C-alpha cells in the first residue's frame, strides 16, 4: 500500500485562489460604496407670484457649502406647475438655493430650502414658494 502524502495548509487549492477572491470582494465593496443613486427632485410651485417668473436657477450645495449641482430653467410664459431636477446625489443633507427672475427687473434674493436625502429615496417631492422680491 502506498503511503498517502498529507497536504500542508500551504498547498491547499483555496489558498491559491484567495488573492483573487479578496480582489473580487474589494471590487464589489468599492462598487457599492461609489454607486450614487439617480435622484429625481420634483418642486411643486405653490402660492402666488409664479405667473410673472421667467427664469429659475437651482443650486444644490452640500453641508460644507460646496456647489454640487446647478441647473437653470427659462420660460416664455408662466412656468409649469412643477419643475423636476434629475441628479446623482449621495445620501446626506443639502441646501437648495432657488433664484427666480421675472420678465423685468433684477433677480430676486434666493430662497434657501433644506433637503435631506436618505439612502433609498430616488423620488422626492417638495413644495416651493416664489422667492420674495426686493
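Numbering (our numbering), first residue to last: 43 to 176. Backbone N, C-alpha and C define an ideal beta-carbon position, used for all residues, glycine too. In this text the structure is predicted, and so the values were computed from the model without any measurement.
Considering only DSSP beta bridges, list what residue i is partnered with.
| i | result |
| --- | --- |
| residue 71 | According to DSSP, residue 71 bridges with nothing at all. |
| residue 141 | 99 |
| residue 116 | 97 |
| residue 130 | 80 |
Between the alpha carbons of residue i and residue j, how many angstroms are there, rounded?
| i | j | result |
| --- | --- | --- |
| residue 111 | residue 54 | 52 Å |
| residue 79 | residue 109 | 18 Å |
| residue 62 | residue 71 | 14 Å |
| residue 96 | residue 152 | 15 Å |
| residue 146 | residue 131 | 34 Å |
| residue 59 | residue 66 | 11 Å |
| residue 89 | residue 173 | 11 Å |
| residue 106 | residue 129 | 19 Å |
| residue 118 | residue 93 | 11 Å |
Is residue i helix, strand or coil by DSSP?
| i | result |
| --- | --- |
| residue 49 | coil |
| residue 150 | coil |
Starting from residue i and walking both ways along the beta strand (DSSP E), at which residues does that stretch end?
| i | result |
| --- | --- |
| residue 167 | 165-171 |
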